Amino acid sequence: MSTALTMPAAIGQALRPVLRLLVPVLDVPADAEGRRGSPVVVCRANPAVVRRRATASCAVYVAWDNRRGCRYVGSVCRPGAVGDRLAEHYAHRTAGASRRTSWCLLTVLPQAKGTPLEAVRVAEGWTARLLNPADGSAHPRVDLPQTPATLISVPVRTR
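The sequence shown begins at 121 in my numbering and counts up one residue at a time.
And the structure:
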């Protein structure tokens, strides 16, 4: 049995402006990878399921409740990435129980290999700004002229 889910229409609609903004830094797979060319990985908000489905080491992730409301936006850039981070959220001393019951679905936006950490953090900030999550407020600050695309398109100066 596949753990892949179809993205609910309301979530797809909410993510549309996010995807337009982040597409330069997203890992858009070939059709053969099971995502039908979509950069979004959709799975139940269960750490074991997320570990199997979302294998990128850098990603922005969004937790959704059973009414398709955005609960939380985060980012991670490390091996084991999203599934391990979700387990940490669930183990949180004060908020863990609430998160385990209210976070039903996770959408993961894997970042392209080589995306700088600063661009991943900017992508998280923009995602949070566009989705206005109910939980969490410690998102990276958004500098309006600075998008993830501007960060990766600026040439690196060498002297």
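Beta carbons: idealized from backbone N, C-alpha and C, even for Gly. Just so we're clear, the structure is a prediction, and the values are computed from it rather than from any experiment.
If you reduce the DSSP assignment to three classes, tell me which class THR227 lands in. On the sequence shown, position 107 is the one that residue 227 refers to. If DSSP states are grouped into helix, strand and coil, THR227 belongs with the strands.
Buried versus exposed, by CB contacts within 10 Å (16 or more), ARG136: Along the sequence shown, one-based indexing puts residue 136 at 16. Exposed.
Kindly provide the ranges of any beta strand (DSSP E) runs that are 3 or more residues long and lie completely inside the region 160 to 212, ordered along the chain. 161 to 164, 178 to 184 and 190 to 197
Element boundaries [alpha helix (DSSP H), containing GLN133]: By 1-based counting over the sequence shown, the position of residue 133 is 13. Here the alpha helix (DSSP H) through GLN133 covers 129 to 142.
Quick one: what's got a C-beta closer than 6 Å to ARG249's C-beta in the same chain, skipping five residues either side? Here residue 249 corresponds to residue number 129 of the sequence shown, with the count starting at 1. Answer for ARG249: VAL262, listed in chain order.
Quick check on LEU251: does DSSP put it in helix, strand or coil? Working through the sequence shown from its first residue, we reach residue 251 at position 131. In the structure shown, LEU251 sits in a helix (DSSP, three-state: H, G or I).
Rounded to whole angstroms, what's the CA-CA distance from CYS224 to PRO265? Just pull it up for me. Position 104 of the sequence shown, counted from the start, is the residue given in the question as residue 224. Position 145 of the sequence shown, counted from the start, is the residue given in the question as residue 265. Roughly 34 Å between the two C-alpha positions.
Taking 8 Å as the threshold (C-beta atoms), are PRO253 and VAL145 in contact? For the purposes of this step, residue 145 is identified with residue 25 of the sequence shown, where counting begins at 1. For the purposes of this step, residue 253 is identified with residue 133 of the sequence shown, where counting begins at 1. No, they are not a contact pair.
Could you tell me which residues DSSP pairs with LEU146 in its beta bridges? To locate residue 146, count along the sequence shown from 1; it is residue 26. In DSSP, LEU146 forms a bridge with GLN231.
Cβ separation of TRP246 and LEU139, assumed to be a contact under 8 Å, to the nearest whole Å: By 1-based counting over the sequence shown, the position of residue 246 is 126. By 1-based counting over the sequence shown, the position of residue 139 is 19. The pair is not a contact, with the Cβ atoms about 11 Å apart (cut-off 8 Å).
HIS212 classed as buried or exposed, judged by whether at least 16 other C-beta atoms fall within 10 angstroms: Within the sequence shown, residue 212 is the residue found at index 92, counting from 1. HIS212 should be labelled exposed.
Cβ pair LEU237, TYR181 closer than 8 Å: Walking along the sequence shown from the start, residue 237 turns up at place 117. Walking along the sequence shown from the start, residue 181 turns up at place 61. In this structure, TYR181 does not lie closer than 8 Å to LEU237 by Cβ.
Put SER218 into one of helix, strand or coil per three-state DSSP. In the sequence shown, the residue the question calls residue 218 occupies position 98. Looking at SER218 - three-state DSSP - the assignment turns out to be helix.
Given a cut-off of 8 Å on the beta-carbon distance, is the pair VAL193 and GLY256 in contact? Along the sequence shown, one-based indexing puts residue 193 at 73. Along the sequence shown, one-based indexing puts residue 256 at 136. Yes, the Cβ-Cβ distance between VAL193 and GLY256 is below 8 Å.
Output the distance between the C-alpha atoms of ARG188 and VAL196, rounded to the nearest integer angstrom. Locating residue 188 in the sequence shown gives position 68, where the first residue counts as 1. Locating residue 196 in the sequence shown gives position 76, where the first residue counts as 1. Approximately 22 Å, taken between the alpha carbons.
Can the beta-carbon of SER177 be found closer than 8 Å to that of PRO199? The sequence position of residue 177 within the sequence shown is 57, counting from 1. The sequence position of residue 199 within the sequence shown is 79, counting from 1. Closer than 8 Å, so yes.
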